[in-house]
Amino acid sequence: MPLTNHPVSPAPPAPARKARVRPVRAPLPAIDAARCTGCGRCIAVCPVHVLSFHTERWTKFAVLVEADPCTGCSLCEARCPFNAITMRPAGEVRPHGA
Numbered sequence: 001m002p003l004t005n006h007p008v009s010p011a012p013p014a015p016a017r018k019a020r021v022r023p024v025r026a027p028l029p030a031i032d033a034a035r036c037t038g039c040g041r042c043i044a045v046c047p048v049h050v051l052s053f054h055t056e057r058w059t060k061f062a063v064l065v066e067a068d069p070c071t072g073c074s075l076c077e078a079r080c081p082f083n084a085i086t087m088r089p090a091g092e093v094r095p096h097g098a
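Numbering-wise (UniProt numbering), the sequence shown opens with residue 1 and increments by one.
In structure tokens form, the structure reads like this:
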């Protein structure tokens with residue numbers, strides 16, 4: 001490979017990545033622990049991984065662990081075969097343990 005006296009130009013800056021942030025007032029999943037069977041389908045379908053399992057008195061059920069990354073897409077609600085998840089206004093739903 002021949003050497004040249006031409007200066008090497010720097011690479012152009014990479015485009016800024018947009019953070020996945022829940023739109024203002026996007027609904028959040030409210031999970032009815034009494035209806036949840038702990039099948040995990042909602043957890044598997046969540047693209048931002050804001051749902052997790054919680055165990056209480058030998059019963060396993062899904063919970064919302066973090067609200068901010070949630071996009072309000074409602075895939076979890078659509079995937080739940082037991083109608084244990086309903087999308088509610090963000091002001092009505094609190095993450096588990098909050």
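Here a beta-carbon is modelled for each residue, glycine too, at the ideal position from N, C-alpha and C.
query	result
R22, DSSP secondary structure in three states	For R22, the predicted model reports a pLDDT of 49, less than 50, meaning its position is unreliable; a value from the coordinates is still stated below. Residue state, collapsed to three classes: coil.
Coil, strand or helix - E92 by DSSP	helix
Reduced DSSP secondary structure (H/G/I, E/B, other) of A62	strand
Top-ranked residue by Cα proximity to E92, from P12, P13, L28 and P10	L28
CB contact flag (A67, I43, <7 Å)	no
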